[in-house]
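Engineer: Residue numbers are given in the UniProt record's numbering: position 2 of the sequence shown equals residue 2, and the series is strictly consecutive.
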Amino acid sequence: MRYAIVIEQGPNNCSSYILDVLGCVATGETPEEVKQLLQEAIVMHLEGEPIPPSTTLVDYIEFEPEINH
């Protein structure tokens with residue numbers, strides 16, 4: 001199963017969560033550590049529960065910010 005995740009860089013650590021699995025979160029010092037911890041967390045989070053489908057689509061948009069003088 002493949003899920004989209006969000007990794008947010010804070011001033012002191014990183015946090016992450018799985019968009020399709022409510023309540024499955026992890027924090028760590030680096031994005032790599034957070035991804036590993038999140039992989040471990042989802043196994044425990046879904047133990048004995050139905051596995052939800054991955055429904056999130058991820059994309060980016062670009063824009064040119066206006067510079068105000």
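Idealized CB from N, CA, C, for every residue including glycine.
DSSP on residue 34, reduced to helix/strand/coil?
Structural biologist: Here residue 34 refers to the residue found at position 34 of the sequence shown. It is helical.
Engineer: State buried or exposed for residue 4, treating a residue as buried only when at least 16 other CB atoms are found within 10 Å of its CB.
Structural biologist: Counting from 1 along the sequence shown, the entry for residue 4 is found at position 4. When all chains shown are included, residue 4 counts as exposed.
Engineer: Leaving out the 5 sequence neighbours to the left and right, which residues in its chain are closer than 6 Å to residue 25 when beta-carbon positions are compared?
Structural biologist: Mapped onto the sequence shown, residue 25 falls at position 25. Cβ neighbours of residue 25 beyond the five flanking positions: 17.
Engineer: Would DSSP call residue 41 helix, strand or coil?
Structural biologist: For the purposes of this step, residue 41 is taken as the residue at position 41 of the sequence shown. Residue 41 falls in the helix class under three-state DSSP.
Engineer: Around the C-beta of residue 34, are 16 or more other C-beta atoms found within 10 angstroms, so that it is buried, or is it exposed?
Structural biologist: Start at 1 with the first residue of the sequence shown, and residue 34 comes out as number 34. Buried.
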